[in-house]
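According to this note's numbering, the sequence shown is numbered sequentially starting from -19. Report on the following structure.
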Amino acid sequence: MKAFGKILGLVMLGLLLIVIGLGFALTHLFDPNDYKDEIQQLARDKANLELQLKGDIGWSLFPWLGLELTDATLASAETPDKPFANLRLLGLSVRVLPLLRREVQMSDIRVDGLDLTLQRDDKGRGNWEGVGQPAKHEATPTAAPAQPQAQPPVADEAAQPGQPLKLDIDSLTISNSRVDYQDAKSGQQFSAEGIELSTGAIREGADIPVKLLAFLGSNQPVLRAKTELQGLLRFDRTLKRYQLQDLKLAGEASGEPLNGKTLTFASQGQLLLDQSAQVAEWTGIKLSANQLRALGELKLRDLDKTAQLEGNLSLAQFNLREFLDGIGIVLPAMRDNTTLSRFEMSTRLAGTPTSINFNDLSLKLDDSTFSGNLALSDIAKQALRLQLKGDKLDLDRYLPPENKDANAGAARQNEVKQAVAAAGNSGTTPLPSAPTQQAWSSTPLLPLETLRKLDIEAAIGLGQLTLSKLPIEDARLALTAKVPVIPVGVAGSQTSRTVCGIPLCSRPGLIFGRPLDFSDYSDRVGETAVLRWVTNEIMDAVAELTGQEYVDVFATRVKYGNLRGKDLTPWVRDRPGHVAPPAPRKDRQRATSAAEVETQPGIDGTSSTASQPPSVLTDLH
-19 MKAFGKILGL
-9 VMLGLLLIVI
1 GLGFALTHLF
11 DPNDYKDEIQ
21 QLARDKANLE
31 LQLKGDIGWS
41 LFPWLGLELT
51 DATLASAETP
61 DKPFANLRLL
71 GLSVRVLPLL
81 RREVQMSDIR
91 VDGLDLTLQR
101 DDKGRGNWEG
111 VGQPAKHEAT
121 PTAAPAQPQA
131 QPPVADEAAQ
141 PGQPLKLDID
151 SLTISNSRVD
161 YQDAKSGQQF
171 SAEGIELSTG
181 AIREGADIPV
191 KLLAFLGSNQ
201 PVLRAKTELQ
211 GLLRFDRTLK
221 RYQLQDLKLA
231 GEASGEPLNG
241 KTLTFASQGQ
251 LLLDQSAQVA
261 EWTGIKLSAN
271 QLRALGELKL
281 RDLDKTAQLE
291 GNLSLAQFNL
301 REFLDGIGIV
311 LPAMRDNTTL
321 SRFEMSTRLA
331 GTPTSINFND
341 LSLKLDDSTF
351 SGNLALSDIA
361 KQALRLQLKG
371 DKLDLDRYLP
381 PENKDANAGA
391 ARQNEVKQAV
401 AAAGNSGTTP
411 LPSAPTQQAW
421 SSTPLLPLET
431 LRKLDIEAAI
441 GLGQLTLSKL
451 PIEDARLALT
461 AKVPVIPVGV
471 AGSQTSRTVC
481 GIPLCSRPGL
491 IFGRPLDFSD
501 YSDRVGETAV
511 LRWVTNEIMD
521 AVAELTGQEY
531 VDVFATRVKY
541 GNLRGKDLTP
551 WVRDRPGHVA
561 PPAPRKDRQR
571 ATSAAEVETQ
581 PGIDGTSSTA
591 SQPPSVLTDL
601 H
């Protein structure tokens, strides 16, 4: 019995030595480098891929079918002289026996020094297109072959639906890699450098640890970012369901949009893509960007149609001024440098690829609280729709600081008061002429150039609005771009004295006139003549509604000056309305010659320039 055991052991040892010897012979006597040309031709015929193997091919047979490639290039067979991929090292190995059961059991996959260059030409065709498809061979004219005998169709096993290959990979490692993308038509360039990717065991239906580090960049605009991503990847190819759990994304960004500043960002959450339901979700969002902190969740549905966005977002209180300064946004100077120090917001989100709505908006800015809705009805056109209600707003804090030009208004008022007082003492003193250099302000009242670019419809209600240190209760503000002007007149506002000497006002009423459309002249608001013409047309429409006359004197002279209680017939003028608009000027500069200055009849029969303050409608009743 012992002899039989020894013989059996010797036989098994002999068989093992034979297998080892065959493996050694195959791996050492058979050199795959001798078949480089056949491998390259096979890639060209089956995948339309131009494969260049410049380095040696290493391999092993049992128990792992291993392969190692060095110094290889890939290109489309249509452009073989323009490779889109360079590979320094690729190493992988597969168990032989599980392949017979349609199972892929692999050890570590190592990719080192991958340089991927993707380019689109000016016609929109990429240098990678066509790869993976069988090569198209031109048919050569030959004699018509004889008709073969009918044979039963053979089913293509590859085309037969069946169970997908079961993936079982110990790990995937990509190091020292780079990806470049260039679009010749748009001129845009994107890059990802220093790519370091490592994963745990890759198995379907199991959590796969993933860690990715990369340096991203673009040229339009010039932007650079360092990113690091961690999470647990889970996928199910049958259900077409992909999850990234415990997502952690962090990094830094800098470039032209930030004006030399650095943005530090971080985010967390759970990502889900369900292609069968056409739904994508990002739940448990925790977002930070410098001082900003946000919580929320987002959901996209109908991915195969017009995607619909819904979710909610909440911003914790933070210093908005410091945040904007940290991302390179320069705020205009304000009278109060402590403004924008407190900001917080919460809202429900809804949107499409072309619009976004902020519903149930709750916003706190400094000492003010607002609620309402805000929407970008057309993102491309920047069409803003706003409905807000607030408790109070001190607008003086946010206005530009006072300067020398800002004091010009007070100087002008003092100048006019002195002239009116002198006119009250002697009825021959003329009113002041054009504003003096000291009393003139060239500071624009509104940022017209910015407002022209916007499409805004806003309705803002405030419990209290403070402007010029004057509190205004129950204020209502409405902003609309390029809408008709509706003249409104008040009728029946005259007063009369009763027997007892008590002044009584008759019952007034509102009269609405026809709309006046000045939208065709919105690009000429900088012309004094156009502004004067628009003012005249509006005032003439109001005068027609109320039956008032145009009296070319200052109201202060009628109420408090030398014309108080006197007949104003000599100063009655025809309202300069119902006339053609002024002709367009060749330039938008202020007219300097006397011929370009519009003249109006003065009080004493002489001419006064159009820069004089316009006369007012005086209630003759």
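C-beta atoms are modelled at their ideal positions from N, C-alpha and C, and glycine is treated no differently.
- Its chain contains Gln258 as the residues whose beta carbon lies nearer than 6 Å to that of Leu283, once the 5 sequence neighbours on both sides are disregarded; these appear in chain order.
- Non-local C-beta neighbours of Leu267 in its own chain, meaning closer than 6 Å and more than five positions away in sequence, comprise Ser247, Ala274, ordered along the chain.
- Counting C-beta atoms within 10 angstroms of its own C-beta, Gly174 has fewer than 16 neighbours from the protein chains shown and is therefore classed as exposed.
- Partner residues in a beta bridge of Ser166, as assigned by DSSP, do not exist.
- Around the C-beta of Ser256, fewer than 16 other C-beta atoms lie within 10 Å, and the residue is accordingly described as exposed.
- Cβ-Cβ separation between Arg544 and Tyr530: approximately 19 Å, too far for a contact (criterion under 8 Å).
- Pairing Trp551 with Asn542, the inter-Cα distance amounts to about 14 Å.
- The shortest CA-to-CA distance from Leu343 to any of Thr327, Thr536, Ala23 is the one to Thr327.
- Within the same chain, Cβ atoms closer than 8 Å to the Cβ of Gly352 are found at Leu341, Leu366, Gln367, Leu368, Lys369, the five residues on either side in sequence being excluded.
- Of the residues assessed, Val111 falls on the buried side of the cut-off, its CB having 16 or more other CB atoms within 10 angstroms.
- As a beta-bridge residue in DSSP terms, Arg221 pairs with Asp216, Asp254.
- For Gly197, the three-state secondary structure derived from DSSP is strand.
- Leu29 is the residue among Ile309, Asp88, Leu29 whose C-alpha sits nearest the C-alpha of Phe64.
- For Met519, there is no enclosing beta strand (DSSP E); the enclosing alpha helix (DSSP H) covers residues 508 to 526.
- DSSP lists Ala355, Glu437 as the bridge partner or partners of Arg365.
- As the crow flies, the alpha-carbon of Phe298 is around 7 Å from that of Glu324.
- The Cβ atoms of Gly185 and Thr207 do not sit closer than 8 Å to each other.
- For Phe245, the pairing in a beta bridge is given by DSSP as Gly231, Ala269.
- A straight-line Cα-Cα distance of about 13 Å links Ala260 and Gly249.
- For Glu236, the three-state secondary structure derived from DSSP is helix.
- In this structure, the straight-line span from the alpha carbon of Thr319 to that of Ala563 is close to 45 Å.
- In summary, Asn337 is buried, with 16 or more beta-carbon neighbours lying within 10 Å of its beta-carbon over all protein chains present.
- Residue range 535 to 539 is occupied by the alpha helix (DSSP H) that includes Val538.
- Taking the C-beta atoms as reference points, Arg24 is found no nearer than 8 Å to Ala52.
- DSSP, reduced to helix, strand and coil, places Leu147 within a strand of the structure shown.
- Using a Cβ distance threshold of 8 Å, Ser335 and Ala313 do not count as a contacting pair.
- Taking 4 residues as the minimum length, the alpha helix (DSSP H) runs contained wholly in the region 297 to 333 are 300 to 306, in order along the chain.
- Taking Asp216 as the centre and dropping the five residues before and after it, the same chain places the C-beta of Glu184, Gly185 closer than 7 Å to its C-beta, in chain order.
- Sequence-distant partners of Thr286 (beyond 5 residues in either direction) whose C-beta falls short of 8 Å from its own C-beta, in its chain, are Thr332, Pro333.
- Distance from the CA of Asp346 to the CA of Ala363, rounded to the nearest whole angstrom, comes to 27 Å.
- For Ile466, there is no enclosing alpha helix (DSSP H), as DSSP marks it with neither H nor E.
- In summary, Ser157 is buried, with 16 or more beta-carbon neighbours lying within 10 Å of its beta-carbon over all protein chains present.
- Residues of the same chain with a CB within less than 6 Å of the CB of Glu48, apart from the 5 flanking positions on each side, are Gly38, Gly71 in chain order.
- In this chain, the alpha helix (DSSP H) harbouring Asp17 covers 16 to 27.
- By the Cβ neighbour-count rule, Gly469 is buried, with 16 or more other Cβ atoms within 10 Å of its own.
- Leaving aside the five residues that flank Val514 on each side, the residues in its chain whose CB is nearer than 8 Å to its CB run, in chain order, Phe498, Tyr501.
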